[in-house]
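One structure below.
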Amino acid sequence: HHLRQAGKLFQDRTAAGQVQTKGIADYVTAVDYAVQQYIQEHLEVSYPHIQFLSEEKANQEIDQSGLVWVLDPVDGTTNLIHDYHTSCISLALMGGGEVVLGMIYNPYSKELFQAKKGGGSYLNGERITVSGATKMEESLIAIGTSPYHKEMADENFELFKRLFLDCQDIRRSGSAALDLAHVACGRLEGYFEIGLKIWDFAAGMLLVREAGGSVLDYSGAQADTSMVNNIVAGNSEICRLLASKYL
Ligand code: IPD
Ligand code: CA
Ligand code: CA
Ligand code: CA
13 HHLRQAGKLF
23 QDRTAAGQVQ
33 TKGIADYVTA
43 VDYAVQQYIQ
53 EHLEVSYPHI
63 QFLSEEKANQ
73 EIDQSGLVWV
83 LDPVDGTTNL
93 IHDYHTSCIS
103 LALMGGGEVV
113 LGMIYNPYSK
123 ELFQAKKGGG
133 SYLNGERITV
143 SGATKMEESL
153 IAIGTSPYHK
163 EMADENFELF
173 KRLFLDCQDI
183 RRSGSAALDL
193 AHVACGRLEG
203 YFEIGLKIWD
213 FAAGMLLVRE
223 AGGSVLDYSG
233 AQADTSMVNN
243 IVAGNSEICR
253 LLASKYL
C-alpha cells in the first residue's frame with residue numbers, strides 16, 4: 013500500500029524541521045511536500061485519468077464533477093513539528109461530489125483505516141463500528157480548536173466549556189482526520205470543528221458513515237463535500253445531541 017510506504021517519511025526529523033509558515037499557527041514542512049509528491053507520483057502511474065487535489069499544491073484546475081483524489085499529506089503538521097506522534101495521511105476518492113473511498117493511515121500506530129461507499133469501514137482489515145453510547149455523561153468528545161481561526165476562540169471555548177460540564181471528558185488531538193477515524197472505530201463518541209477543509213474531512217466522513225455513524229454540518233444537515241465546512245461527527249445519537257443542543 014502506498015500510504016504505508018509514504019508514512020515512513022514521517023520519521024525524517026530533519027525534513028520535519030524544515031518549516032515554512034503559511035498563516036497564523038499554520039505551517040508546512042518538507043515532510044508534507046515529500047509525502048504529497050510520493051503519493052501523487054504513484055497515483056498518476058496507476059490512475060492517470062483521475063485528478064489530484066492536495067493541500068500543499070495549487071488546485072485551480074480541479075473539476076469536482078469528475079473523479080478526484082483528495083489528499084492531506086500530513087494531517088497534524090503542528091504535531092509532526094513537535095514530534096507528538098499524532099499525525100496521519102488522509103486520502104479520499106471523490107466522484108460527482110460524493111466520497112467513494114476513504115483511507116487514513118497513522119504511521120506511528122501503523123493503523124490503516126479504510127472505507128468504501130456501501131462496503132463498511134475497516135481498521136487493518138477488521139470491520140469497525142461506532143460506539144453504542146447514548147448519553148453525554150458516558151461520552152468522550154474530541155474538540156477541534158480551529159487553530160487557524162483564532163477569531164473564533166471566544167465562541168469555541170464557551171461551547172467547549174458547556175460541553176465539558178455535560179460529557180465524560182474532552183480531548184484535543186491536533187488531527188481532524190484521526191479524530192474522525194477514532195469516531196468510526198468507537199474510541200470517541202463525537203468530534204466537531206469549524207472551518208475544516210475538504211482534505212481534512214473527506215476520508216473521515218466516509219469512515220464514520222460506513223461505520224454506522226453520522227456526519228452533519230452545524231445546521232444539523234448531512235455534511236456535504238464543500239471545500240470548507242463545519243463538521244460534527246459521532247455515533248448517530250451523540251451526533252444528533254451535539255448538533256441540536258450545543259452547536
Ligand atoms: C489541521 C489539523 C487540526 C485541525 C485543523 C486542521 P493540518 O490540519 O487537522 O487538528 O484543528 O483545523 O487544519 O493543517 O495539520 O493539515
Ligand atoms: Ca495545514
Ligand atoms: Ca489537515
Ligand atoms: Ca495538512
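Going by the UniProt record's numbering, the first residue of the sequence shown is number 13, and it counts up by one from there. Built from N, CA and C at the ideal position, the CB exists for glycine as well. Quick caveat: nothing in here was measured; it's all calculated off a predicted structure.
Enclosing beta strand (DSSP E) for Gly216 [first to last residue]: In the sequence shown, residue 216 corresponds to position 204, counting from 1. Note, Gly216: premise wrong, no beta strand (DSSP E); alpha helix (DSSP H) at Ile210 to Glu222.
State the start and end residues of the unbroken alpha helix (DSSP H) segment that holds Thr141. Working through the sequence shown from its first residue, we reach residue 141 at position 129. Note, Thr141: premise wrong, no alpha helix (DSSP H); not H, not E.
DSSP state of Met239, grouped into three classes? Residue mapping note: residue 239 aligns to position 227 of the sequence shown, counting from 1. It is coil, neither helix nor strand.
Does ligand 1 have a heavy atom nearer than 6 Å to the CB of Thr89? In the sequence shown, residue 89 corresponds to position 77, counting from 1. Yes, the Cβ of Thr89 comes within 6 Å of a heavy atom of ligand 1.
What does Ile155 pair with, by DSSP beta-bridge criteria? The residue you call residue 155 lines up with position 143 of the sequence shown. Beta-bridge pairing links Ile155 to Phe204.
Note down the Cα distance separating Ala42 from Pro85, rounded to an integer number of angstroms. Residue numbering aside, residue 42 sits at position 30 when the sequence shown is read from its first letter. Residue numbering aside, residue 85 sits at position 73 when the sequence shown is read from its first letter. Going from the Cα of Ala42 to the Cα of Pro85 covers about 11 Å.
Output the residue ranges of the beta strand (DSSP E) runs that lie fully inside the region 54-119 and measure 3 residues or longer, sorted by chain position. 63-66, 79-87, 100-107 and 110-118
State yes or no: is the C-beta of Glu205 nearer than 6 Å to some heavy atom of ligand 4? Taking the first residue of the sequence shown as position 1, residue 205 is located at position 193. Result no, Cβ not under 6 Å from ligand 4.
For Arg174 and Trp211, I'd like the C-alpha separation in whole angstroms. Here residue 174 refers to the residue found at position 162 of the sequence shown. Here residue 211 refers to the residue found at position 199 of the sequence shown. Looking at the two C-alpha atoms, the distance is approximately 29 Å.
Beta-carbon proximity list for Ser248, same chain, < 7 Å, skipping 5 on both sides: For the purposes of this step, residue 248 is taken as residue 236 along the sequence shown, with counting starting at 1. The answer, listed in chain order, is Gly225 and Ser226.
Proximal residues to Glu171 (C-beta, below 8 Å), its chain only, five neighbours per side dropped: If you number the sequence shown from 1, residue 171 lands on position 159. Rather than Glu, the amino acid found at residue 171 in this sequence is Leu. Once the five neighbours on either side are set aside, the close Cβ partners of Leu171 are Tyr258 and Leu259.
Looking at the structure shown, is Leu124 part of a helix, part of a strand, or coil, going by DSSP? On the sequence shown, residue 124 is found 112 positions in, with the first residue counted as 1. Leu124: strand per DSSP, three-state reduction.
For Tyr39, which beta-bridge partners are listed by DSSP? Residue 39 sits at position 27 when you count from the first residue of the sequence shown. In DSSP, Tyr39 forms a bridge with Thr33.
Return the chain-ordered list of same chain residues with a C-beta closer than 7 Å to the C-beta of Leu253, the five sequence neighbours on each side being excluded. Translated into the one-based positions of the sequence shown, residue 253 becomes position 241. Within the same chain, Leu253 has close Cβ partners Met148.
Could you tell me whether the Cβ atoms of Gly130 and Arg139 are closer together than 7 Å? Indexing the sequence shown from 1 puts residue 130 at position 118. Indexing the sequence shown from 1 puts residue 139 at position 127. Their beta carbons are not under 7 Å apart, which means Gly130 does not touch Arg139 by this criterion.
State the beta-bridge partners of Ala245 as determined by DSSP. Position 233 of the sequence shown, counting from 1, holds the residue named residue 245. Bridge partners of Ala245: Tyr203 and Val227.
Of the residues Ser187, His61 and Ala196, the one placed nearest Cys100, counting alpha carbons only: Position 88 of the sequence shown, counted from the start, is the residue given in the question as residue 100. When each option's Cα is compared against that of Cys100, the closest is Ser187.
Could you tell me the boundaries of the alpha helix (DSSP H) in which Arg183 lies? Here residue 183 corresponds to residue number 171 of the sequence shown, with the count starting at 1. Counting along the chain, Arg183 falls outside any alpha helix (DSSP H), though it belongs to the beta strand (DSSP E) covering Asp181 to Arg183.
Would Ile36 be called buried (16 or more neighbouring beta carbons within 10 Å of its own) or exposed? Mapped onto the sequence shown, residue 36 falls at position 24. So Ile36 counts as exposed.
Beta-carbon gap between Glu68 and Asp44 smaller than 7 Å: In the sequence shown, counting from the first residue as 1, residue 68 sits at position 56. In the sequence shown, counting from the first residue as 1, residue 44 sits at position 32. Cβ atoms of Glu68 and Asp44: closer than 7 Å.
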